[in-house]
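Peer 1: Could you have a look at this structure, given as structure tokens, before my questions?
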Amino acid sequence: LTGIGDLIVTCTSMHSRNRRAGILIGQGISPDEAVKQTGTVEGYSCCKVAYELSRRLNVDMPITEQLYKVLYEYSNVREALWNLMGRPHRHETEELFF
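Mapping the sequence shown onto my numbering, position 74 (from 1) lands on 542, and the numbers just tick up by one.
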């Protein structure tokens with residue numbers, strides 16, 4: 469259950485800096501400016517580390533990849549969403565078992 473409280477706050481509370489930054493980015497403000505306005509946004513730096521680690525270990529993390537593109541490559545949020553939702557459907561754990 470560790471982390472569930474953080475997840476709930478991030479999703480529901482305007483006290484969450486991650487949520488406030490995400491809302492600003494969704495409104496078209498650049499990620500850099502959103503972080504500047506919001507203060508420390510843990511998800512911003514964690515996304516970069518997770519993305520780099522997934523690349524190094526050759527692990528498919530499509531949500532992290534699209535978030536990275538929005539935050540660090542300034543990809544359009546709508547485009548990132550289409551890229552994510554337009555992926556071919558597959559069993560997410562098939563490479564673990566086969």
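We put the beta carbon where it would ideally sit given N, CA and C, even for glycine.
Take the Cβ of T508 as the centre, count every other Cβ of all protein chains shown within 10 Å, and call the residue buried at 16 or more, exposed below.
Peer 2: Along the sequence shown, read from residue 1 onward, the residue named residue 508 stands at position 40. Result: exposed.
Peer 1: Using 8 Å for Cβ pairs, my map puts E510 next to N486. What's the rounded Cβ distance?
Peer 2: Working through the sequence shown from its first residue, we reach residue 510 at position 42. Working through the sequence shown from its first residue, we reach residue 486 at position 18. Confirmed, Cβ separation roughly 6 Å.
Peer 1: How about N530 and L549: are their beta carbons less than 8 Å apart?
Peer 2: On the sequence shown, residue 530 is found 62 positions in, with the first residue counted as 1. On the sequence shown, residue 549 is found 81 positions in, with the first residue counted as 1. The identity of residue 530 in the sequence shown is Pro, whereas the question assumes Asn. Against a cut-off of 8 Å, the Cβ pair of L549 and P530 comes out as no contact.
Peer 1: Let's test the definition: count the other Cβ atoms within 10 Å of the Cβ of Y536 and tell me whether it reaches 16, buried, or not, exposed.
Peer 2: As a first step, residue 536 must be located in the sequence shown, where it is residue number 68. Buried is the call here.
Peer 1: Based on Cα-Cα distance, which residue from C479, Y540, I491, E501 lies nearest to C515?
Peer 2: Here the question's residue 515 lines up with position 47 in the sequence shown. Comparing Cα-Cα distances from C515 to each of C479, Y540, I491, E501, the minimum goes to Y540.
Peer 1: What's the C-alpha gap between G494 and A518?
Peer 2: Position 26 of the sequence shown, counted from the first residue, corresponds to residue 494. Position 50 of the sequence shown, counted from the first residue, corresponds to residue 518. G494 and A518: Cα-Cα distance of roughly 21 Å.
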